[in-house]
Amino acid sequence: MRQKLNLNCSEKTVHRWLVSQLRNYPTWKDFLPEMAKHVEFSYVMGIDTTVLSIAGKRCHYLHVVDFPDNHIAYEILESRDAESIKMVLLKIKALTGYEPRVIVTDRAKELL
1 MRQKLNLNCS EKTVHRWLVS QLRNYPTWKD FLPEMAKHVE FSYVMGIDTT
51 VLSIAGKRCH YLHVVDFPDN HIAYEILESR DAESIKMVLL KIKALTGYEP
101 RVIVTDRAKE LL
């Protein structure tokens with residue numbers, strides 16, 4: 001990436017810049033309460049997890065949507081256990097009162 005941008009610095013420096021800039025942007029937790037006022041939810045929730053490697057460390061990306069295409073939440077988790085996922089779902093409920101009637105998953109054991 002730094003070569004494409006013609007930056008004369010290390011990848012570590014670019015990474016530090018990106019991380020510092022991300023702190024300036026709101027997260028899904030900031031947008032969700034306002035979105036809930038304007039969006040009519042279908043109350044069919046889709047949950048998916050994907051394994052990522054960030055700085056050589058194994059992490060898990062959690063993505064939560066309200067079908068067909070309302071993105072509700074995303075989170076980088078250190079572990080993909082049921083308790084971590086439950087905490088994200090409880091944050092969603094606390095911010096919006098959203099309680100799905102149906103949850104669609106890929107049958108991963110931590111989601112069942």
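Its first residue numbered 1, the sequence shown is counted upward by one per residue in this note's numbering.
We put the CB at the ideal spot given by N, CA and C, even for glycine.
For Glu75, same chain residues with a beta-carbon under 7 Å away, outside a window of 5 residues either side, are Leu62 and Val88 in chain order. For Asp81, the closest C-alpha among the options Val51, Met45, Phe41 and Ser42 is that of Val51. If you draw a straight line from the Cα of Val39 to the Cα of Cys9, it comes to about 44 Å.
Counting only the Cα atoms, Ile72 lies some 29 Å from Val14. Beta-bridge pairing by DSSP links Ile103 to Met45.
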